[in-house]
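Throughout the sequence shown, residue numbering follows the numbering used here, covering 927 to 1282 in sequence. Glycine residues also receive a C-beta, built at the ideal position from the N, C-alpha and C atoms. Computed from a predicted structure; not experimentally measured.
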Amino acid sequence: MAPLAALEFFDISHSYGGVGAVHSLSLSLAAGEVVCLLGPSGCGKTTTLRLAAGLEKLQQGEIRMLDRTVASGEGLNVPPELRGVGLVFQDYALFPHLTIAQNVGFGFNETDGKAKQEAVYNVLEMLGIEEFSGRYPHALSGGQQQRVALARALAPKPSLILLDEPFSGLDSRLRDQIRDDTLHVLKQSGAATLMVTHDAEEAMFMADRIVVLNEGKLQQIGSPDTLYCAPVNRFVAEFFSEINYLTGKVSGGTVDTPIGLIAAQGLADGLDVEILIRPEAVCLSAVNEASERRQVHVVASRMLGRTSLIHLCARRQAGDEIHLHARMPGRFLPDENQALAVELDPNQTFIFPKNL
Ligand SMILES: Nc1ncnc2c1ncn2[C@@H]1O[C@H](COP(=O)(O)OP(=O)(O)OP(=O)(O)O)[C@@H](O)[C@H]1O
Ligand SMILES: [Mg+2]
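#1: Hey, would you say residue 1143 sits closer than 8 Å to residue 949, going by beta carbons?
#2: Between the region 1190–1202 and the region 1154–1166, can you find at least three pairs of beta-carbon atoms closer than 8 Å?
#3: Could you name the residues that DSSP lists as bridge partners for residue 973?
#4: Could you please give the first and the last residue of the uninterrupted beta strand (DSSP E) stretch that includes residue 983?
#5: Distance check for residue 960 and residue 1192, CA to CA, integer angstroms please.
#6: Can you check whether the CB of residue 1140 is closer than 8 Å to the CB of residue 1251?
#7: Beta-carbon separation of residue 1130 and residue 1105 under 8 Å?
#8: Please identify the residue among 1248, 1212 and 1089 whose C-alpha is closest to the C-alpha of residue 975.
#9: To the nearest angstrom, how far is the alpha carbon of residue 1206 from that of residue 1067?
#10: For residue 1273, count neighbouring Cβ atoms within 10 angstroms of its own Cβ and tell me buried if that reaches 16, exposed if not.
#11: Which residues end up in the neighbourhood of ligand 2 when you take C-beta atoms closer than 7 Å to any of its heavy atoms?
#12: Curious, which full-length beta strand (DSSP E) runs of at least 3 residues does the region 1056–1098 contain?
#13: So what does DSSP say about residue 1160, is it helix, strand or coil?
#14: Within 7 Å: the Cβ of residue 1031 and any heavy atom of ligand 1?
#15: Determine, using beta carbons only, whether residue 957 and residue 1081 come nearer to each other than 8 Å.
#16: Counting only the same chain and skipping the five closest in sequence on each side, list residues whose C-beta sits under 6 Å from that of residue 929.
#17: Should the region 1014–1033 be called in touch with the region 1053–1068, which here means at least 3 C-beta pairs below 8 Å?
#18: Going along the chain, which residues of its own chain have a beta-carbon closer than 8 Å to the beta-carbon of residue 1158, five neighbours each way excluded?
Take a look at the structure:
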């Protein structure tokens, strides 16, 4: 028998005073899976997490955990403390009057004092913060507090962990380190994780699967690879990187653009389309007389570290000019006004009917 899903949403919807925040969302998390809810501010991520935790009363649909209904639109709402989930919020919400060990032991259903002490120590050790067990939260740095909040959520060994922007209060170097540690600890714990973030790179780093939301509506669910390489619409494509945006019309299975013909399989002749090209899909090379590739001109080039960013101008005819960004690996700094040949990587070029 397949293991039970740690969390399932069946067609859940939620509104605040008649204004919709989550619309008909369905989702299932397998045991041990890390799933990220990704989307812009106000798209309903925190609301979805609060519904799973039981902090918000479900209005429509059903939520199940390990095959047990914990909330339904018909009025069932199992309180948060009986759902067996671990919670970590953006501000960590540690109890200031309790020591780290007491914070982590809080809400722990273990009556045997020695066993509890041992379990608390084990989880502190797993997160590398056992030396702080006797301190109070105010005497810890932000990164250390984040670890304590995670330890508190993990200590009772829940089958589901809910994290709301858990790294947003940390500076970027520390954030990378703590993300990495958190991912290892979550995977080691075996708990399923639903994590909220508005940062696409963070979601790609953490998640087995990503759920992209916009205005409370599901856009796409899939692995980071699927979402990056096969987005279903402009919103998803643009959420994962900067994008070059062109428009055109399909003619004979292709679209003619200032940077060449782009294949448009399956799209009807005469259809207005939008073309989205990731900067790393704009491949540049020296102009070769024999080549039929279109030419572009360099407006500026900048070294950004791992990649170089090249600003380009492409022209089909006078007045029909477009500005493009290309990203080339390593150091690639052509001179201003230099002509280069351009080729597109079709795997990072997406065509959608206009206004999809
Ligand atoms: N308690 C509330 N009362 C009324 N409206 C609310 C309440 N909580 C959230 N909303 C509204 O519901 C929508 C979704 O909010 P939510 O907090 O779920 O977004 P979010 O995706 O977590 O955004 P952010 O990235 O800014 O945290 C927003 O329009 C928000 O203003
Ligand atoms: Mg939020």
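Put simply:
#1: Walking along the sequence shown from the start, residue 1143 turns up at place 217. Walking along the sequence shown from the start, residue 949 turns up at place 23. Result yes, Cβ atoms of residue 1143 and residue 949 sit closer than 8 Å.
#2: With the cut-off at 8 Å, the region 1154–1166 and the region 1190–1202 touch.
#3: The residue labelled residue 973 in the question sits at position 47 within the sequence shown. In the DSSP output, where bridge partners are listed per residue, residue 973 has none listed.
#4: If you number the sequence shown from 1, residue 983 lands on position 57. For residue 983, no beta strand (DSSP E) run applies, since DSSP gives it neither H nor E.
#5: Within the sequence shown, numbered from 1, the residue matching residue 1192 stands at position 266. Within the sequence shown, numbered from 1, the residue matching residue 960 stands at position 34. Approximately 35 Å between the Cα atoms of the pair.
#6: As a position in the sequence shown, residue 1251 is number 325, starting the count at 1. As a position in the sequence shown, residue 1140 is number 214, starting the count at 1. Cβ atoms of residue 1251 and residue 1140: not closer than 8 Å.
#7: Taking the first residue of the sequence shown as 1, we reach residue 1130 at position 204. Taking the first residue of the sequence shown as 1, we reach residue 1105 at position 179. Going by C-beta atoms, residue 1130 is not nearer than 8 Å to residue 1105.
#8: Along the sequence shown, read from residue 1 onward, the residue named residue 975 stands at position 49. Out of 1248, 1212 and 1089, 1089 has the C-alpha closest to the C-alpha of residue 975.
#9: Working through the sequence shown from its first residue, we reach residue 1206 at position 280. Working through the sequence shown from its first residue, we reach residue 1067 at position 141. In this structure, the straight-line span from the alpha carbon of residue 1206 to that of residue 1067 is close to 38 Å.
#10: Your numbering for residue 1273 matches position 347 in the sequence shown. So residue 1273 ends up on the exposed side.
#11: 971, 972, 1090, 1091 and 1122
#12: DSSP runs (the beta strand (DSSP E)) wholly in the region 1056–1098: 1086–1090.
#13: Locating residue 1160 in the sequence shown gives position 234, where the first residue counts as 1. Three-state DSSP puts residue 1160 in a helix.
#14: Position 105 of the sequence shown, counted from the first residue, corresponds to residue 1031. No, the Cβ of residue 1031 stays beyond 7 Å of every heavy atom of ligand 1.
#15: For the purposes of this step, residue 957 is identified with residue 31 of the sequence shown, where counting begins at 1. For the purposes of this step, residue 1081 is identified with residue 155 of the sequence shown, where counting begins at 1. Not in contact: residue 957 and residue 1081 (Cβ atoms no closer than 8 Å).
#16: Against the sequence shown, residue 929 aligns to sequence position 3. Hits under 6 Å: 957.
#17: yes
#18: The residue labelled residue 1158 in the question sits at position 232 within the sequence shown. For residue 1158, where only same-chain residues beyond five positions count, the Cβ hits under 8 Å are 1145 and 1146.
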